[in-house]
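A.B. asks: Please see the structure below; I have some questions.
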Amino acid sequence: MAVAVLQKRESRVSEFVRKALRHQLLMLGFFIIVLLAVVAVFGRQLAPYDPNGMDFGARFAPPGLKHLFGTDEFGRDVFSRILYGAAVSFKVAFIAVAISASVGVFLGAMAGFYGRVLDEIIMRLMDILFAFPAVLMAITVMAILGRGVTNAMIAIAIVYIPIFARVARGAVLSVRGREYVTAARALGQGNTTIIFKHILPNSLGPIIVQTSLSLAFAILAEAALSFFGLGTQPPDPSWGRMLSEGRSFLRQAWWMGVFPGLAIMVSVMGFNFFGDGLRDLLDPRMKKIQ
Amino acid sequence: MSPSYVLRRLGTLILVLFGVSILTFAIIPLVPGSPARVKLGISATPENVATLEKKLGLDRPLTTQYFAWISGIVTRFDFGKSFINDKSITSEVARRLPATLQLAFVALLIGLMIALPAGIIAALRPGGKRDVTAMIFSQIGVSIPDFWMGILLIVFFAEYLQVLPSSGFVSVSEGFIPWLRHIILPALTSGLISGAIMTRFVRSAMLEVLNQDYVRTARAKGLSERIVINKHALRNAAIAIATIVGLQMATLLSSVVVVEIIFAWPGLGSLALNSTLQRDYPMLQASVLLFAAAFAVVNLLTDLSYVLLDPSVEYA
Amino acid sequence: MKRILGLVFIACLSLGFAQTSGGTLVAAWAQDPVGLDPHVTSAYSSFQILENVLDTLVTLDAEQNLQASLAESWDVSEDGLTVSFHLRDGVKFSNGRDLSADDVVYTFNRILDPETGSGSSWKLGGVTDISAADASTVVFTLEAPNPGLITKLAVDKTMGIIAKENVEDGTINTQPMGTGPFMITDFQPGVKVMLERNPNYWQAGLPYLDAVDIRIISDESVRRTALVTGDVDWAISVPAQSVEELKGRDDVVVDSTAAGSYWYIGVNLGRDPISDAKVRQAISYAINRDQIAEAATFGQAQATEEPIPASSAWSFGYAPYEESLDKAKSLLAEAGVADGFELEIMPTTQYEESIRIAQVLQAQLAPLGIKASIRTLEWAEWLEEEGAGNYDTYVCSWNVLVDPDDYYYAQHHTGEVFNFTGYSNASVDELLDKGRLTQDFAERKAIYEQVNKQIVDDAPYIYLYNPLNINAYRLNVQGYAARPDQAIRFVNTWLEN
Numbered sequence: 013m014a015v016a017v018l019q020k021r022e023s024r025v026s027e028f029v030r031k032a033l034r035h036q037l038l039m040l041g042f043f044i045i046v047l048l049a050v051v052a053v054f055g056r057q058l059a060p061y062d063p064n065g066m067d068f069g070a071r072f073a074p075p076g077l078k079h080l081f082g083t084d085e086f087g088r089d090v091f092s093r094i095l096y097g098a099a100v101s102f103k104v105a106f107i108a109v110a111i112s113a114s115v116g117v118f119l120g121a122m123a124g125f126y127g128r129v130l131d132e133i134i135m136r137l138m139d140i141l142f143a144f145p146a147v148l149m150a151i152t153v154m155a156i157l158g159r160g161v162t163n164a165m166i167a168i169a170i171v172y173i174p175i176f177a178r179v180a181r182g183a184v185l186s187v188r189g190r191e192y193v194t195a196a197r198a199l200g201q202g203n204t205t206i207i208f209k210h211i212l213p214n215s216l217g218p219i220i221v222q223t224s225l226s227l228a229f230a231i232l233a234e235a236a237l238s239f240f241g242l243g244t245q246p247p248d249p250s251w252g253r254m255l256s257e258g259r260s261f262l263r264q265a266w267w268m269g270v271f272p273g274l275a276i277m278v279s280v281m282g283f284n285f286f287g288d289g290l291r292d293l294l295d296p297r298m299k300k301i302q
Numbered sequence: 003m004s005p006s007y008v009l010r011r012l013g014t015l016i017l018v019l020f021g022v023s024i025l026t027f028a029i030i031p032l033v034p035g036s037p038a039r040v041k042l043g044i045s046a047t048p049e050n051v052a053t054l055e056k057k058l059g060l061d062r063p064l065t066t067q068y069f070a071w072i073s074g075i076v077t078r079f080d081f082g083k084s085f086i087n088d089k090s091i092t093s094e095v096a097r098r099l100p101a102t103l104q105l106a107f108v109a110l111l112i113g114l115m116i117a118l119p120a121g122i123i124a125a126l127r128p129g130g131k132r133d134v135t136a137m138i139f140s141q142i143g144v145s146i147p148d149f150w151m152g153i154l155l156i157v158f159f160a161e162y163l164q165v166l167p168s169s170g171f172v173s174v175s176e177g178f179i180p181w182l183r184h185i186i187l188p189a190l191t192s193g194l195i196s197g198a199i200m201t202r203f204v205r206s207a208m209l210e211v212l213n214q215d216y217v218r219t220a221r222a223k224g225l226s227e228r229i230v231i232n233k234h235a236l237r238n239a240a241i242a243i244a245t246i247v248g249l250q251m252a253t254l255l256s257s258v259v260v261v262e263i264i265f266a267w268p269g270l271g272s273l274a275l276n277s278t279l280q281r282d283y284p285m286l287q288a289s290v291l292l293f294a295a296a297f298a299v300v301n302l303l304t305d306l307s308y309v310l311l312d313p314s315v316e317y318a
Numbered sequence: 000m001k002r003i004l005g006l007v008f009i010a011c012l013s014l015g016f017a018q019t020s021g022g023t024l025v026a027a028w029a030q031d032p033v034g035l036d037p038h039v040t041s042a043y044s045s046f047q048i049l050e051n052v053l054d055t056l057v058t059l060d061a062e063q064n065l066q067a068s069l070a071e072s073w074d075v076s077e078d079g080l081t082v083s084f085h086l087r088d089g090v091k092f093s094n095g096r097d098l099s100a101d102d103v104v105y106t107f108n109r110i111l112d113p114e115t116g117s118g119s120s121w122k123l124g125g126v127t128d129i130s131a132a133d134a135s136t137v138v139f140t141l142e143a144p145n146p147g148l149i150t151k152l153a154v155d156k157t158m159g160i161i162a163k164e165n166v167e168d169g170t171i172n173t174q175p176m177g178t179g180p181f182m183i184t185d186f187q188p189g190v191k192v193m194l195e196r197n198p199n200y201w202q203a204g205l206p207y208l209d210a211v212d213i214r215i216i217s218d219e220s221v222r223r224t225a226l227v228t229g230d231v232d233w234a235i236s237v238p239a240q241s242v243e244e245l246k247g248r249d250d251v252v253v254d255s256t257a258a259g260s261y262w263y264i265g266v267n268l269g270r271d272p273i274s275d276a277k278v279r280q281a282i283s284y285a286i287n288r289d290q291i292a293e294a295a296t297f298g299q300a301q302a303t304e305e306p307i308p309a310s311s312a313w314s315f316g317y318a319p320y321e322e323s324l325d326k327a328k329s330l331l332a333e334a335g336v337a338d339g340f341e342l343e344i345m346p347t348t349q350y351e352e353s354i355r356i357a358q359v360l361q362a363q364l365a366p367l368g369i370k371a372s373i374r375t376l377e378w379a380e381w382l383e384e385e386g387a388g389n390y391d392t393y394v395c396s397w398n399v400l401v402d403p404d405d406y407y408y409a410q411h412h413t414g415e416v417f418n419f420t421g422y423s424n425a426s427v428d429e430l431l432d433k434g435r436l437t438q439d440f441a442e443r444k445a446i447y448e449q450v451n452k453q454i455v456d457d458a459p460y461i462y463l464y465n466p467l468n469i470n471a472y473r474l475n476v477q478g479y480a481a482r483p484d485q486a487i488r489f490v491n492t493w494l495e496n
């Protein structure tokens with residue numbers, strides 16, 4: 013449905029693409045994301061070593077030609093582990109945000125569209141969820157569900173649901189009174205059609221921006237969960253886990269923490285650049301400034 | 003601001019807190035592992051565990067436990083006793099909350115000291131050298147996980163320069179300087195990150211205001227840049243900035259857990275985490291409730307501050 | 000030259016004529032004490048604090064020999080069925096009240112009372128009555144002779160003597176009161192414990208310190224930094240990987256000693272195919288214990304195939320499993336699992352060490368065709384799963400072991416609560432029971448040698464290494480020594496100016 017709507021606005025889309033191509037920050041972010049996506053998909057093939065392969069003869073080897081980013085306390089190749097870990101970090105970030113965005117947007121749209129009692133109930137529930145300290149919420153959810161990547165995604169998703177609900181509700185409220193909605197209603201279209209055909213496509217801007225920024229935060233959230241020993245099960249690497257473990261080897265082997273740290277930093281920046289760029293293009297108020 | 007608006011907001015706040023209390027009470031027992039088992043450890047027999055669980059009242063129905071607990075809080079402001087160490091929870095959280103609030107406030111202060119000048123300077127000439135520099139630093143700050151930032155600060159300031167203590171807390175009553183020395187590193191950890199986040203918001207708030215007609219008019223009138231910024235732009239950006247500050251304070255409150263753990267800071271966050279690991283249910287419930295309360299109060303104050311900053315905002 | 004003079008000077012100090020009284024020792028702990036009631040808690044972080052607060056009837060010296068403490072002497076009747084302890088005169092609780100035999104009787108009856116829910120009551124198994132013969136004599140009546148009982152009263156502070164009023168006013172778990180060198184004046188869970196000098200302590204002139212300020216610093220790298228910067232004087236442990244680096248510093252002492260402790264793989268004997276001893280032996284042949292010890296502790300441990308460390312008089316030196324992949328493979332073939340199988344290893348986040356062990360094990364078992372997966376659990380959940388037998392193999396350690404009975408009985412005797420593997424062997428049971436009743440050292444050692452051989456061969460536990468107990472402190476901390484039983488005693492400690 014959304015595709016059909018977008019096709020109708022083809023001229024708008026091509027204009028958007030033209031603008032996007034000129035926006036350096038957006039393009040830089042886009043480039044980083046594409047690069048990381050490639051690594052996440054082909055990381056295993058690209059890795060020079062088995063990421064979990066131990067080599068006791070080569071523990072704590074500093075970065076060099078043989079091991080680009082050095083080795084860890086088991087003699088595992090840090091570079092290979094980072095390539096491999098990209099898939100984990102990406103999976104966690106994308107799926108967590110996908111879950112929270114779809115649930116959050118649905119709830120927010122319902123609240124914004126129907127208003128009154130439903131709005132009150134949904135948004136108070138979101139307030140309750142939001143008031144729960146995020147880190148504790150994630151830890152508790154993981155304690156109930158058990159460790160592992162999948163549960164980390166769910167934990168992070170639950171934390172972000174209220175944010176998406178708020179953003180979506182705000183966006184829906186801002187277009188609910190527009191002429192085309194009133195017109196559609198006058199034409200006798202059902203609520204579902206109105207929400208999906210008219211309201212959501214027109215309030216996508218803030219939601220897309222929020223999605224991109226949430227991806228950045230989800231990568232940081234995975235790192236925070238790893239700090240508490242949650243997240244991937246050893247020996248599988250994730251950037252957060254490697255960074256967290258690297259902190260107590262800072263003196264012996266700085267490379268164990270610094271490279272995963274850089275990987276996190278670059279990808280977070282990529283999503284932020286992309287999100288900021290989108291905001292510049294999609295937020296009508298910002299258009300004036302640019 | 004009508005009193006009825008404030009009352010309504012307070013009512014909602016209490017409702018939300020009740021919701022939080024029910025939610026915590028309902029989900030915490032789902033966590034595998036019993037407090038009795040943690041307390042008695044590896045050498046406990048199943049009978050020992052059962053005896054202790056009974057003593058802790060864990061054999062009662064969940065609803066009975068909830069009403070006993072909530073009525074204690076409502077009628078006597080009594081949060082009960084810790085399952086693990088028998089300490090009065092009310093006095094424990096009363097000691098921990100100030101430490102967390104101090105940390106969050108100082109971090110916010112540091113954040114503002116970075117974000118206000120950096121954001122304003124960046125906004126004056128968008129795309130200029132200063133803007134780009136500020137945005138690069140802001141991006142770096144946003145993308146560093148807090149525990150990593152904390153460790154790096156400890157290594158640099160405590161171990162390498164040896165100018166600040168590596169961890170721990172000293173209360174203000176023991177002297178302002180020792181207190182300050184201990185709070186700087188943890189507050190800097192959170193403060194640098196929130197400063198980075200706020201810089202971006204301050205910049206865009208300023209940009210928006212600087213493009214308004216009255217600022218253009220003021221400039222056209224030949225008023226000095228300083229007067230334009232101080233008298234016109236800043237005042238009008240104040241609401242947007244207040245929103246950011248409120249949001250950031252709320253975020254800081256919930257993100258201090260990691261920083262408190264790293265710096266052995268005796269706040270509510272480390273208490274809550276420790277209680278989670280030890281399955282000290284009532285202690286965890288109390289700390290979550292207090293976090294939620296602090297969070298809700300900050301949100302309320304933010305909304306109310308709009309009225310003070312801009313009389314044209316009216317709440318019915 | 001300067002350095003040598005310094006050493007001589009320090010040597011003079013430790014001869015004991017230059018101790019300086021006073022001062023506060025700032026000590027870094029790693030874990031929060033899990034309550035302070037000595038009879039209820041089982042956390043070592045609690046006992047290590049109580050070590051300085053409570054006394055026991057008898058105690059262990061640094062060489063793990065039995066010494067008098069609150070009991071000046073004790074005698075065992077001819078038939079071995081009654082043990083009488085004669086209490087020291089002039090001992091006071093830190094509140095100034097005299098210690099009497101009634102307090103001792105009260106203490107032990109409290110431990111035995113099921114209502115207390117003490118996880119340590121098993122140590123008093125076979126004790127039928129405890130009573131005061133007079134104001135300074137306490138008599139234990141036993142079902143059967145039990146020479147090992149007295150040592151059990153000495154190990155850690157589970158058998159610490161407390162005062163009735165301390166229980167009645169409800170402060171036993173927050174502020175236990177004892178007759179030890181220090182008293183607890185402030186306990187902030189998760190933050191700190193303040194110990195102050197007990198003015199009524201029975202050993203004249205001790206302790207030297209005015210106070211011990213115990214701070215809980217859970218992050219190991221931060222704890223290390225706090226020590227090297229002098230924010231704390233003493234640290235309970237430092238990251239194993241920084242031990243070598245700390246040894247190279249001239250302002251920090253790394254004090255280590257072989258601990259009465261071992262790390263092992265516990266095998267669930269109720270699950271196939273590991274229920275077959277051949278499969279367990281195959282694992283034992285396949286693993287490289289030196290690598291495990293090195294990777295898990297960075298050299299701060301001694302690989303072993305049996306539980307008792309080589310430094311102990313009870314060490315047997317039995318090591319049948321010479322690393323051999325071929326031998327392991329043929330054993331697996333004999334057991335009918337030549338192609339390997341899936342195996343779960345369960346370490347806990349409580350001990351980072353156990354997770355490192357699990358990772359090395361996983362890598363070492365792969366060539367055998369054993370596909371090991373790792374399930375890391377938080378401590379609370381780990382305890383539940385272990386207790387319920389929901390595991391294939393787990394990785395853990397036993398600590399504070401002194402008598403050979405401590406190494407085998409509770410773990411491997413049929414039906415014991417800590418026999419989590421489900422091991423049962425009638426001849427081992429018989430030997431273990433006999434060992435408890437035997438007095439003569441040589442005769443006992445011969446009994447336990449048989450037990451050791453049988454258990455190492457049957458491999459319900461696959462032993463990995465004996466760790467070192469490592470404390471680290473600033474150079475000015477004097478009169479402290481790391482102990483094999485991991486007890487932390489500051490009674491003779493002082494701070495050099």
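Protein chains in written order, with this note's numbering: chain A, 13 to 302; chain B, 3 to 318; chain C, 0 to 496.
Glycine included, each C-beta is placed from N, C-alpha and C at the ideal position.
Ordered along the chain, which non-local residues of its own chain (more than five positions away) have a Cβ less than 6 angstroms from that of L6(A)?
C.D. replies: Past the edges of chain A, shown from 13 to 302, lies residue 6(A), and the structure says nothing about it.
A.B. asks: Which of the three DSSP states is assigned to I301(A) in this structure?
C.D. replies: Legend: pLDDT at I301(A) = 39, less than 50; position of this residue unreliable, value from coordinates given subsequently. I301(A) falls in the helix class under three-state DSSP.
A.B. asks: At which residues does the beta strand (DSSP E) containing Y464(C) begin and terminate?
C.D. replies: Element bounds for Y464(C): 460 to 473.
A.B. asks: Could you spell out where the beta strand (DSSP E) holding Y200(C) opens and where it closes?
C.D. replies: Y200(C) -> no beta strand (DSSP E), and no H or E assigned at all.
A.B. asks: Excluding the 5 residues preceding and the 5 following A258(C) in the sequence, name in chain order all residues of the same chain whose CB lies nearer than 8 angstroms to its CB.
C.D. replies: If we look at A258(C) and ignore the five residues flanking it on each side, its Cβ neighbours are P308, N398, N465, P466, L467, N468, P483, D484, Q485.
A.B. asks: Check whether chain B comes within 9 angstroms of I140(A), counting only Cβ atoms and requiring the distance to be less than that.
C.D. replies: For I140(A), the answer is yes, since a Cβ of chain B falls inside 9 angstroms of its Cβ.
A.B. asks: Below 9 angstroms between beta carbons: does that hold for D84(A) and Y61(A)?
C.D. replies: Cβ atoms of D84(A) and Y61(A): not closer than 9 angstroms.
A.B. asks: Just the C-alpha distance for D80(B) and I243(B), rounded to the nearest angstrom, thanks.
C.D. replies: Cα to Cα, D80(B) sits roughly 38 angstroms from I243(B).
A.B. asks: At the 9 angstroms Cβ level, is D88(B) part of the contact set with chain C, yes or no?
C.D. replies: By this cut-off, D88(B) is an interface position.
A.B. asks: May I ask you to list, following chain order, the residues of the stretch 379 to 393 of chain C that have a beta carbon less than 7 angstroms from some beta carbon of chain B?
C.D. replies: Cβ contacts with chain B: A379, E380, L382, E383.
A.B. asks: What whole-angstrom Cβ distance do P63(A) and S101(A) have, given they're in contact under 8 angstroms?
C.D. replies: That belief does not hold up - the Cβ atoms of P63(A) and S101(A) are roughly 13 angstroms apart, past 8 angstroms.
A.B. asks: According to DSSP, simplified to helix, strand and coil, what is E351(C)?
C.D. replies: Note: E351(C) maps to helix in three-state DSSP.
A.B. asks: Mind reading off the beta-carbon distance from L273(B) to E94(B)? Whole number of angstroms is fine, and I expect it under 8 angstroms.
C.D. replies: Rounded, the Cβ-Cβ distance is 7 angstroms, consistent with contact.
A.B. asks: Using the C-alpha atoms, what's the distance from F159(B) back to I246(B)?
C.D. replies: Computed Cα separation, rounded: 30 angstroms.
A.B. asks: If we ignore side chains and look at the alpha-carbon of each, how far apart do F271(A) and L262(A) end up?
C.D. replies: Looking at the two C-alpha atoms, the distance is approximately 12 angstroms.
A.B. asks: Just verifying my parser: in three-state terms, what is the DSSP assignment at G478(C)?
C.D. replies: It is coil, neither helix nor strand.
A.B. asks: Under a CB-based cut-off of 9 angstroms, is Q410(C) close to chain A?
C.D. replies: Q410(C) does not count as touching chain A.
A.B. asks: Would you mind giving the Cβ-Cβ distance between A38(B) and E55(B), rounded to the nearest angstrom? I have them listed as a contact below 8 angstroms.
C.D. replies: Confirmed, Cβ separation roughly 5 angstroms.
A.B. asks: Short of 8 angstroms Cβ to Cβ, which residues in the stretch 75 to 90 of chain A face chain B?
C.D. replies: For the stretch 75 to 90 of chain A, which is checked against every Cβ of chain B, not one residue is closer than 8 angstroms.
A.B. asks: For the alpha helix (DSSP H) that K103(A) lies in, which residues bound it at each end?
C.D. replies: Per DSSP, K103(A) belongs to the alpha helix (DSSP H) from 90 to 126.
A.B. asks: I need the boundaries of the alpha helix (DSSP H) containing Q301(C), first residue and last residue.
C.D. replies: Here Q301(C) belongs to no alpha helix (DSSP H); instead the beta strand (DSSP E) covers 300 to 302.
A.B. asks: Verify the CB distance criterion: does L255(A) have a CB-CB separation below 9 angstroms to chain B?
C.D. replies: Output row for L255(A): interface = yes.
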